[in-house]
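Enquirer: If you scroll down you'll find the structure; I have some questions about it.
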Amino acid sequence: MAEPVSPASPPERPPQHPRALSFQLNGQWFETQGASPGATLLQVLRNDALCNGPKFGCGLGQCGACTVLVDGRVARACVIPAAGVAGREITTLEGLGGREAPHPVQQAFIDAQAAQCGYCTNGMVMATVALLRRSPQPTDAQIREALSHNLCRCGAHVEILQAVRLAAQRLAEAKMAGATRSGMASGPGPTEPPTGPAQSAAAAAPTSAAR
Ligand code: FES
Ligand code: FES
152 MAEPVSPASP PERPPQHPRA LSFQLNGQWF ETQGASPGAT LLQVLRNDAL
202 CNGPKFGCGL GQCGACTVLV DGRVARACVI PAAGVAGREI TTLEGLGGRE
252 APHPVQQAFI DAQAAQCGYC TNGMVMATVA LLRRSPQPTD AQIREALSHN
302 LCRCGAHVEI LQAVRLAAQR LAEAKMAGAT RSGMASGPGP TEPPTGPAQS
352 AAAAAPTSAA R
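Just so we're aligned, residue 152 is where the sequence shown starts under the numbering used here, counting upward by one.
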């Protein structure tokens, strides 16, 4: 019989080495003692944490290839001193999802074929995740604004826009389906109208995007 699953508890912070740098990386504490004093966050992520989602593009904070989330907000890892993120929460592309269970935004980029060389894709996906968290149903103008600092030299902008719209639509559908399921599980209240065809259709909608 399966063991009962205990509720997830926050990861424990490891003891600090006097010269160590540690921060939360994709939900786990990460510590390195090998980073040079002037290392950027991007260098530590790629060289020490072996996260190759964030890319080195311009190295000047201008192209967005190195985008990560720092405490949930988009940031350019190539211009952030690694020492400046001590104790903070960093999310990279690897923290969203993987090949087996991609994040809905990653899946939307795949389905919309929103890449040619793919070098900008990390930044586009991370910026989209941040956008959809603060604006789940963005207008085209909001999408363009949110991605305007992420450069794509291949000109895949049309497909990228389509991917963001697709991700927003799927996340909204998954949210609606989840709300309908939880409503059906608790049962209609005495004054609640009976579940109609529209609600049934929403509950039966594919939910793979919610993984
Ligand atoms: S590599 Fe960081 S913004 Fe270009
Ligand atoms: S797909 Fe090549 S830079 Fe965007």
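Beta carbons are placed, not taken as given, at the ideal position from N, Cα and C, and that holds for glycine. Given the structure is predicted, the values throughout are model-derived calculations rather than measurements.
Grouping DSSP H, G and I as helix and E and B as strand, with all else coil, what is Arg332?
Expert: Helix, per DSSP.
Enquirer: Quick check on this structure: which residue in Gly249, Ala278, Met335, Ser187 has the alpha carbon closest to the alpha carbon of Ile311?
Expert: Measuring from the Cα of Ile311, the nearest candidate turns out to be Ala278.
Enquirer: Cβ-heavy atom distance between Cys229 and ligand 1 below 7 Å?
Expert: Yes, the Cβ of Cys229 comes within 7 Å of a heavy atom of ligand 1.
Enquirer: So if I measure from each beta-carbon to every heavy atom of ligand 2 and keep distances below 6 Å, which residues remain?
Expert: That gives Ala266, Gln267, Cys268, Gly269, Tyr270, Cys271, Cys303, Arg304, Cys305, Ala307.
Enquirer: In whole angstroms, give me the CA-to-CA distance for Pro339 and Ala319.
Expert: Confidence in Pro339 is poor, its pLDDT being 47 and thus under 50, which makes the residue's placement unreliable; the coordinate value appears in the next sentence. Roughly 29 Å between the two C-alpha positions.
Enquirer: Does the region 319-334 come close enough to the region 237-253 that 3 or more CB-CB pairs lie under 8 Å?
Expert: The region 237-253 vs the region 319-334: no contact.
Enquirer: Roughly how many angstroms lie between the CA atoms of Leu298 and Met275, to the nearest whole one?
Expert: Rounded to the nearest angstrom, the two C-alpha atoms are 7 Å apart.
Enquirer: Please find out if some non-hydrogen atom of ligand 1 comes closer than 7 Å to the beta-carbon of Ala319.
Expert: For ligand 1, not one heavy atom lies less than 7 Å from the Cβ of Ala319.
Enquirer: When you compare only the Cα positions, how much space is there between Ala171 and Phe207?
Expert: Between Ala171 and Phe207, the C-alpha separation is close to 24 Å.
Enquirer: Short of 8 Å in beta carbon distance, which residues of its chain neighbour Gln293, apart from the five on each side in sequence? Order them along the chain.
Expert: Correct list, in chain order: Leu282, Ser286.
Enquirer: Taking the DSSP output, what are the residues bridged to Arg227?
Expert: In DSSP, Arg227 forms a bridge with Thr218.
Enquirer: Taking only three categories from DSSP, how would you classify Gln175?
Expert: Three-state result, Gln175: strand.
Enquirer: CB-CB under 7 Å to Ala307, same chain, minus the five flanking residues each way: which ones, in chain order?
Expert: Counting only Cβ-Cβ distances below 7 Å, and skipping sequence neighbours, we find Ala265, Ala266, Gln267.
Enquirer: What do you get for Asn301, buried or exposed, if any count of 16 or more other CB atoms within 10 angstroms of its CB means buried?
Expert: Under this definition Asn301 is a buried residue.
Enquirer: In or out: Gly309 buried (at least 16 other Cβ within 10 Å) or exposed?
Expert: The residue asked about is misnamed: residue 309 is Val in this sequence, not Gly. So Val309 counts as exposed.
Enquirer: So, Cys305 versus Ala216, is the Cβ gap smaller than 8 Å?
Expert: In this structure, Ala216 does not lie closer than 8 Å to Cys305 by Cβ.
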